[in-house]
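Engineer: All the letters of the sequence shown, read from the start, carry residue numbers 5 to 68 under this note's numbering.
Each residue gets a CB set at the ideal place from its N, CA and C atoms; glycine is no exception.
Please read through the structure below; I'll follow up with questions.
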Amino acid sequence: MGKIHIDHRVVIRDAQDRIVSDEHFESFAVAEVVYRRTVASTSRDLEVTLQHGARVVFRASGQS
Numbered sequence: 005m006g007k008i009h010i011d012h013r014v015v016i017r018d019a020q021d022r023i024v025s026d027e028h029f030e031s032f033a034v035a036e037v038v039y040r041r042t043v044a045s046t047s048r049d050l051e052v053t054l055q056h057g058a059r060v061v062f063r064a065s066g067q068s
């Protein structure tokens, strides 16, 4: 069985755990830069995750 490609995702959720934004990236390096920028510019009441498919790699609340 071969490997399959799974996108990295930067996902923003609101206080009710609803997805507000879901951006897909083929590269972890690009996704991580966007994730860190998003955390820095997102309001504190939102949660930002960097995911590999459904697996959460990083999770943070917004900083603004």
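Only counting the same chain, and skipping five residues up and downstream in sequence, which positions put a Cβ closer than 7 Å to that of V61?
Structural biologist: Counting from 1 along the sequence shown, the entry for residue 61 is found at position 57. Excluding positions up to five away in sequence, the list reads L54 and Q55.
Engineer: Quick one, are the C-beta atoms of I23 and R17 less than 9 Å apart?
Structural biologist: Taking the first residue of the sequence shown as 1, we reach residue 23 at position 19. Taking the first residue of the sequence shown as 1, we reach residue 17 at position 13. Taking 9 Å as the Cβ cut-off, I23 and R17 qualify as a contacting pair.
Engineer: Leaving out five residues before and five after V52 in sequence, what residues of the same chain have Cβ atoms less than 6 Å from its Cβ?
Structural biologist: The residue labelled residue 52 in the question sits at position 48 within the sequence shown. These residues qualify, in order along the chain: I16, T42, V43, T46 and A64.
Engineer: With a threshold of 6 Å on Cβ separation, who are the neighbours of R48 within its own chain once the five nearest residues in sequence on each side are excluded?
Structural biologist: To locate residue 48, count along the sequence shown from 1; it is residue 44. Hits under 6 Å: S65 and G66.
Engineer: What are the boundary residues of the beta strand (DSSP E) that A64 is part of?
Structural biologist: By one-based count along the sequence shown, residue 64 stands at place 60. Here the beta strand (DSSP E) through A64 covers R59 to S65.
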